[in-house]
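Okay, structure first, notes after.
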Amino acid sequence: MKAEERERSRIARDLHDSIMIQFSTVKMNLSTLMNKWEQEIPKEQIRPHVINLDKAMQSLRKAAHHLMPDMILEGGLEDAVSYFCNNLQKDVFFTINLEFIGKIPRFETQIELAIFRIFQELMQNIIKHAQASEVYILISYSDGQLGIEIEDNGVGFGEKESRKDYKGIGLKSIEARLVPLGGNMDIATGSSGTNVCIEFNITPVS
Amino acid sequence: MTSSVQKQIKVFLLDDHPLAVTGLYNMLLPYKNIKVTGTYQTGRALMEALSKKQPDVLLLDILLPDTDGKTLAREISQFYPSIKIIAVTSVDAPAYIKAMMQSGCSGYLLKNTDQETLVEAIHTVYQGEDFIEPSLKEQMVYSLIKKGKENKSEWEKAKGPRLTKREKDVLDLMVKDYSNREIADKLCLSIRTVERHRFNLMQKFDAKSPIGLLKAAMEYGLA
Chain A
247 MKAEERERSR IARDLHDSIM IQFSTVKMNL STLMNKWEQE IPKEQIRPHV INLDKAMQSL
307 RKAAHHLMPD MILEGGLEDA VSYFCNNLQK DVFFTINLEF IGKIPRFETQ IELAIFRIFQ
367 ELMQNIIKHA QASEVYILIS YSDGQLGIEI EDNGVGFGEK ESRKDYKGIG LKSIEARLVP
427 LGGNMDIATG SSGTNVCIEF NITPVS
Chain B
2 MTSSVQKQIK VFLLDDHPLA VTGLYNMLLP YKNIKVTGTY QTGRALMEAL SKKQPDVLLL
62 DILLPDTDGK TLAREISQFY PSIKIIAVTS VDAPAYIKAM MQSGCSGYLL KNTDQETLVE
122 AIHTVYQGED FIEPSLKEQM VYSLIKKGKE NKSEWEKAKG PRLTKREKDV LDLMVKDYSN
182 REIADKLCLS IRTVERHRFN LMQKFDAKSP IGLLKAAMEY GLA
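Chains as they are written, first to last, in my numbering: chain A, 247 to 452; chain B, 2 to 224.
If you want it as structure tokens, here you go:
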């Protein structure tokens, strides 16, 4: 797990530090040229390319951030989840409603990271399979218990057969990862949507 | 020194990637009142240089190989409080922006910033004000709004708090006077889980007791 996160951080750093910089430099030079050759080439001809370049850089940054949670987890799970959802909302067609109950305290970094990864994966499942128009996320903490409930109004897992398949793909690995974290998962699914509830008996730091 | 030089804003650049240093350098080149007087690639090289001469403004990359930007910003603002620091990064997470500003930065720019914004940022922090990349402000405000508990949505005002399926299940059984143990058995949940759902329900309805909760839920037609 730790090695995997380290590798992700390395890739993220590569994206940030070299590819991103190369893009930045191209953009800077293009802008400089745009001003220098104003007479010869009308700005209007170059500007769309600069805008496209900007878009590419935004996508790249987003990709790198998925890999680099140590930055995003700076403010704890609450900030990380908010940040993730704010960004995701721009890219998906369903509405995301996010609610926190109680102040979510800080936990050990490795644990926060593991929980955040699980949360991201559950959201990925919804994006890929649920066909939902609305997703409601409730995160609460009280008395040593952290709860994350994710509810969508999508198609559910349907027949028992497909539910088994579904479990085979993603949920089994999530279940396995919950155990060492002292967590468990409860799933309720039907034609009106799916409710996944994970919870942890967990001690905050200081 | 001539009088025209006195007005020049002296800028140091710190970035471990030479291309980024060159890029920023070239962007600032056309501006006569801004002069890049030092470029560095490591935190240590920068600190050494600072002991000899200080710029007015420092453009600081916050992902460095030898130290992290937050620690470096804190150190610099402690030892050289007159230097205005602008963090230049590609991290746009609100929590990180906050952390950098709290560590002594006056400005926060993204690496894909444009020439005008870069120059504006340098002038703004030089004059003693804070500058945050305009495209990030929206996200900062949004993250603040999200946290304000007072901001109840229209939906909530009309229909009462939003409940999850599990919360509705628990509420229904509470109305039928089931105990926590009975609710847990019926829904195949642990008692701890039922207790958490109950706690969340009480918070959502601003109730102090189970009776207050049921009363509030009935008022909204949810029980």
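Each residue gets a CB set at the ideal place from its N, CA and C atoms; glycine is no exception.
I'd like the span of the beta strand (DSSP E) that includes residue i, first residue to last.
i: C1(B); result: The question about residue 1(B) has no answer, for chain B in this structure spans 2 to 224.
i: G39(B); result: I35 to Y41
i: E397(A); result: Q391 to D398
i: G129(B); result: That residue, G129(B), is in no beta strand (DSSP E); it is neither H nor E in DSSP.
i: I433(A); result: G429 to G436
Should residue i and residue j be called a contact, given that it needs their Cβ atoms to be closer than 8 Å?
i: K11(B); j: T38(B); result: yes
i: L30(B); j: I267(A); result: no
i: K112(B); j: S270(A); result: yes
i: E445(A); j: G393(A); result: yes
i: T118(B); j: E130(B); result: no
i: K85(B); j: V120(B); result: no
i: G44(B); j: L73(B); result: yes
i: A94(B); j: C106(B); result: no
i: C331(A); j: I383(A); result: yes
i: L51(B); j: L14(B); result: no
i: D16(B); j: P66(B); result: no
i: R197(B); j: S386(A); result: yes
i: N181(B); j: I192(B); result: yes
i: E397(A); j: N441(A); result: yes
i: K273(A); j: L299(A); result: yes
i: Y81(B); j: Q55(B); result: yes
i: R254(A); j: L313(A); result: yes
i: P165(B); j: E395(A); result: Per the sequence shown, the amino acid found at residue 165(B) is Thr instead of Pro. Yes, the Cβ-Cβ distance between T165(B) and E395(A) is below 8 Å.
i: M28(B); j: Q116(B); result: yes
i: I292(A); j: M280(A); result: yes
i: V195(B); j: A185(B); result: yes
Out of the options, which one is the CA nearest neighbour of residue i?
i: S78(B); options: I98(B), M28(B), S104(B) and V92(B); result: S104(B)
i: N275(A); options: H262(A), Q291(A), V296(A) and R256(A); result: V296(A)
i: R259(A); options: H311(A), S277(A), L279(A) and N298(A); result: H311(A)
i: M203(B); options: H124(B), E168(B), M102(B) and L59(B); result: E168(B)
i: K205(B); options: R163(B), Y109(B) and R193(B); result: R163(B)
i: A218(B); options: S191(B), I184(B), E139(B) and V171(B); result: V171(B)
i: E358(A); options: L424(A), M369(A) and L334(A); result: L424(A)
i: A224(B); options: K53(B), M175(B) and T165(B); result: M175(B)
i: K349(A); options: I373(A), L306(A), K289(A) and G322(A); result: G322(A)
i: N34(B); options: V195(B), D173(B) and H124(B); result: H124(B)
i: I329(A); options: N281(A), K308(A), A422(A) and E380(A); result: The residue asked about is misnamed: residue 329(A) is Tyr in this sequence, not Ile. Considering only alpha carbons, the answer is K308(A).
i: I361(A); options: I342(A), V327(A) and A378(A); result: V327(A)
i: T68(B); options: Y32(B), A46(B) and E220(B); result: A46(B)
i: D389(A); options: N298(A), K289(A) and I347(A); result: I347(A)
i: S452(A); options: E395(A), A378(A) and P351(A); result: P351(A)
i: G99(B); options: E320(A), Q366(A) and N333(A); result: Contrary to the premise, residue 99(B) reads as Lys rather than Gly in this sequence. Among E320(A), Q366(A) and N333(A), the Cα nearest to that of K99(B) is on E320(A).
i: G402(A); options: Q391(A), I420(A), K418(A) and V381(A); result: V381(A)
i: S91(B); options: R254(A), Q377(A) and S264(A); result: S264(A)
i: N399(A); options: G428(A), W283(A), S379(A) and A249(A); result: S379(A)
i: R252(A); options: A422(A), Q356(A), I292(A) and I396(A); result: Q356(A)
i: Y109(B); options: K177(B), K216(B), K71(B) and I212(B); result: K71(B)
i: K221(B); options: P211(B), L215(B) and G161(B); result: In the sequence as displayed, the identity of residue 221(B) is Tyr instead of Lys. Checked all of P211(B), L215(B) and G161(B); the closest Cα to Y221(B) is G161(B).
i: P450(A); options: M280(A), Q391(A), K282(A) and S437(A); result: Q391(A)
i: Y97(B); options: G439(A), D325(A) and S438(A); result: D325(A)
i: M102(B); options: S136(B), S83(B) and R75(B); result: R75(B)
I'd like the span of the alpha helix (DSSP H) that includes residue i, first residue to last.
i: G44(B); result: G44 to L51
i: Q79(B); result: G70 to F80
i: S210(B); result: First-last for S210(B): undefined, no H or E at that position.
i: C331(A); result: G322 to Q335
i: Y179(B); result: Run containing Y179(B): none; DSSP gives neither H nor E here.
i: G105(B); result: It is not in any alpha helix (DSSP H) - G105(B) carries neither H nor E in the DSSP assignment.
i: V272(A); result: I267 to K282
i: D67(B); result: Unbroken run through D67(B): none, as it is neither H nor E.
i: R191(A); result: This structure cannot speak to residue 191(A), because chain A is shown only from 247 to 452.
i: E286(A); result: No alpha helix (DSSP H) holds E286(A); DSSP gives it neither H nor E.
i: V425(A); result: Here V425(A) belongs to no alpha helix (DSSP H), and DSSP marks it neither H nor E.
i: T23(B); result: P19 to L29
Name the DSSP beta bridge partners of residue i, please?
i: L14(B); result: T40(B) and L60(B)
i: K85(B); result: V58(B)
i: Y382(A); result: N343(A) and E397(A)
i: L111(B); result: T90(B)
i: T447(A); result: A small correction: the amino acid at residue 447(A) is Asn; Thr does not occupy that position in the sequence shown. In DSSP, N447(A) forms a bridge with Q391(A).
i: V442(A); result: I396(A) and I433(A)
i: I133(B); result: Y109(B)
When you compare the CB of residue i with every CB in chain E, is at least one pair closer than 8 Å?
i: N34(B); result: Among the chains of the structure shown, chain E does not appear; the protein chains present are A and B.
Going by the C-beta, is residue i closer than 7 Å to any heavy atom of the ligand ATP?
i: L119(B); result: Absence of the ligand ATP from the depicted structure is noted, as is the absence of any ligand whatsoever, leaving it without description.
(message) I'd like to know if the region 333-343 of chain A and the region 360-379 of chain A are in contact, where contact means that at least 3 CB-CB pairs between them fall below 8 Å.
(response) Using a Cβ-Cβ distance cut-off of 8 Å, the region 333-343 of chain A and the region 360-379 of chain A are in contact, since at least three pairs of beta carbons, one from each stretch, lie closer than that value.
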